[in-house]
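*Asks:* Residue numbers (my numbering): 6 to 150.
Shown next, in the form of structure tokens:
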């Protein structure tokens, strides 16, 4: 069964969200999964892609964008033309559900604790449920305390 994992983060800022993203991508890739990271636009995709190459002092997360294609476990795109179907995990880093999300076996949603983020995530939750996804909530706010 397809699964949608919602990670509710304790942070309200993009930096905290990015730090969690990097750790999560490291774990997913270590599990030999291929990941597609969906961003809002080309600018965001390139910015995040560059930052992942420099994720920490001791490691990097190899990735590719349509502008810089290479063989990597992480691809980054921003619309349906950049949504490769051969990947098994979609990490949604955008504000809306990307086209083709239902084609993936697993979808990951990162939800910050900022007030505007929660209603949008509830809408995505409902949509995934209607599409037959099994939903798993991971409240990272409780794990941080």
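Virtual Cβ for every residue (Gly too), placed ideally from N, Cα, C.
Just how far apart, CA to CA, sit residue 25 and residue 78?
*Replies:* The alpha-carbon atoms of residue 25 and residue 78 are separated by roughly 18 Å.
*Asks:* Cα-Cα, which of 17, 45, 66, 127 is closest to residue 85?
*Replies:* Checked all of 17, 45, 66, 127; the closest Cα to residue 85 is 45.
*Asks:* Count the other CB atoms within 10 Å of the CB of residue 37; is the residue buried (16 or more) or exposed (fewer)?
*Replies:* Exposed, since its Cβ has fewer than 16 Cβ neighbours within 10 Å.
*Asks:* Measuring alpha carbon to alpha carbon, tell me which residue in 32, 130, 29 is nearest residue 140.
*Replies:* Of 32, 130, 29, the residue nearest in Cα terms is 130.
*Asks:* For residue 58, does the count of other Cβ atoms within 10 angstroms reach 16, so buried, or fall short, so exposed?
*Replies:* Label assigned to residue 58: exposed.
*Asks:* Determine, using beta carbons only, whether residue 43 and residue 120 come nearer to each other than 7 Å.
*Replies:* It is not a contact, given that the beta carbons lie outside the stated cut-off.
*Asks:* Considering only residues of the same chain and omitting the five flanking positions on each side of residue 142, which have a CB-CB separation below 6 Å?
*Replies:* 11, listed in sequence order.
*Asks:* Suppose you measure from the CA of residue 19 to the CA of residue 55; what does that come to, to the nearest Å?
*Replies:* Going by the C-alpha atoms only, they are around 15 Å apart.
*Asks:* If you drop the 5 nearest sequence neighbours on each side, which residues of the same chain put their C-beta closer than 8 Å to that of residue 21?
*Replies:* Within the same chain, residue 21 has close Cβ partners 14, 15, 117.
*Asks:* I need the boundaries of the alpha helix (DSSP H) containing residue 128, first residue and last residue.
*Replies:* Where residue 128 is concerned, the enclosing alpha helix (DSSP H) stretches over 122 to 135.
*Asks:* If the criterion is Cβ atoms closer than 7 Å, does the pair residue 138 and residue 9 meet it?
*Replies:* Contact: yes.
*Asks:* Can you give me the C-alpha to C-alpha distance between residue 64 and residue 40, rounded to a whole angstrom?
*Replies:* Each residue's Cα considered, the two are about 18 Å apart.
*Asks:* Output the distance between the C-alpha atoms of residue 60 and residue 99, rounded to the nearest integer angstrom.
*Replies:* Each residue's Cα considered, the two are about 20 Å apart.
*Asks:* Quick one: measure Cβ to Cβ for residue 97 and residue 72, integer angstroms, because I've assumed they're closer than 8 Å.
*Replies:* Contact doesn't hold; Cβ gap of about 20 Å is too wide.
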